[in-house]
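Numbering (the working numbering), first residue to last: 138 to 343. The next block holds one structure in the form of structure tokens; read it before the comments.
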């Protein structure tokens, strides 16, 4: 059953709170109402969880692509800058599954059944302007286990469905294991993501 980790509280959101917690390390959520954007990974990598930083392996292209995209406002960001982005750029972070592993391929259906509905609840509560899933596969798993629907024809970019009031965008997975997309490709998709935020804000404030 879901239980609260001893370090966390509802007032201090964390990947542990309200989740089927184990004592294994994971990454904290950076979620609150009023965010422009939340990045959603499949699950934390074991190394990233051990150091407490998102996309911490040097080979991961997330930070390099983000810096090229303009979403950081000109600041060069890297692992450990999640809090700065959260506080100064209204950018949050979470994962479909909070259990860390060396590879997402080691996740099982039970992991998604346990975690994806909780991630959905947290995203609905935060209600960012845009939710960006890093990878088509992660978004498909989210739909299957959090929304109870299978969808085989997911494409990159803005999705026709919304998550509550949030627009949904799918970008390439920046993992080095995803050789289909180059760093420039990923940065280009993040630029498209950034272009979506002003229209989402205008609609929300409309």
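Glycine residues also receive a C-beta, built at the ideal position from the N, C-alpha and C atoms.
Asked                                                                                                                                                                                             : Found
Might you give, ordered along the chain, the residues of its own chain that have their beta carbon closer than 6 angstroms to the beta carbon of residue 219, omitting 5 neighbours on each side? : 167, 191, 230
What number of angstroms, rounded off, separates the C-alpha of residue 227 from the C-alpha of residue 209?                                                                                      : 10 angstroms
Indicate the three-state DSSP secondary structure (helix, strand or coil) for residue 291 in the structure shown.                                                                                 : coil
Shorter than 7 angstroms, the distance from the beta carbon of residue 260 to the closest heavy atom of the ligand SAH, or not?                                                                   : With respect to the ligand SAH, the structure offers nothing, as it holds no ligand at all.
Taking the alpha carbon of residue 223 as the point to measure from, which residue in 233, 329, 263 has its own alpha carbon closest?                                                             : 263
Quick one: using the 10 Å Cβ neighbour count with 16 as the cut-off for buried, is residue 252 buried or exposed?                                                                                 : buried
CB-CB under 6 angstroms to residue 196, same chain, minus the five flanking residues each way: which ones, in chain order?                                                                        : 313
Answer with buried or exposed for residue 271, where buried requires no fewer than 16 other C-beta atoms within 10 angstroms of its C-beta.                                                       : buried
Count the CB pairs spanning the stretch 169-189 and the stretch 293-300 that are closer than 8 angstroms, and state whether there are at least three.                                             : no
Applying the criterion that 16 or more other CB atoms from any shown protein chain within 10 Å of the CB defines a buried residue, is residue 150 buried or exposed?                              : With a pLDDT of only 42 at residue 150, under the threshold of 50, the placement of this residue in the model should not be trusted; the figure read from the coordinates follows. Buried: at least 16 other Cβ atoms inside 10 Å.
Is residue 235 buried or exposed, if buried means 16 or more other CB atoms sit within 10 Å of its CB?                                                                                            : buried
Cutting at 7 angstroms between CB atoms, please list the residues of its own chain near residue 326, excluding the five before and the five after it.                                             : 293, 308, 309
Please state the DSSP three-state secondary structure of residue 202.                                                                                                                             : helix
Using DSSP bridges, identify the partner residues of residue 269.                                                                                                                                 : 176, 306
For the candidate residues 290, 163, 177, whose alpha-carbon lies nearest to that of residue 265?                                                                                                 : 177
Let's test the definition: count the other Cβ atoms within 10 Å of the Cβ of residue 289 and tell me whether it reaches 16, buried, or not, exposed.                                              : exposed
Applying the 10 Å Cβ sphere with the 16-neighbour rule, what's the burial state of residue 163?                                                                                                   : buried
Sorted by chain position, which residues of the same chain lie with C-beta nearer than 8 angstroms to residue 317's C-beta, five sequence neighbours on each side aside?                          : 309
I'd like the span of the alpha helix (DSSP H) that includes residue 331, first residue to last.                                                                                                   : 320-342
Mapping DSSP to helix, strand and coil, what is residue 171?                                                                                                                                      : coil
Among 324, 225, 254, whose alpha-carbon lies nearest the alpha-carbon of residue 172?                                                                                                             : 225
Given a threshold of 16 other Cβ atoms within 10 Å of its Cβ, counted over all protein chains shown, does residue 161 qualify as buried or as exposed?                                            : exposed
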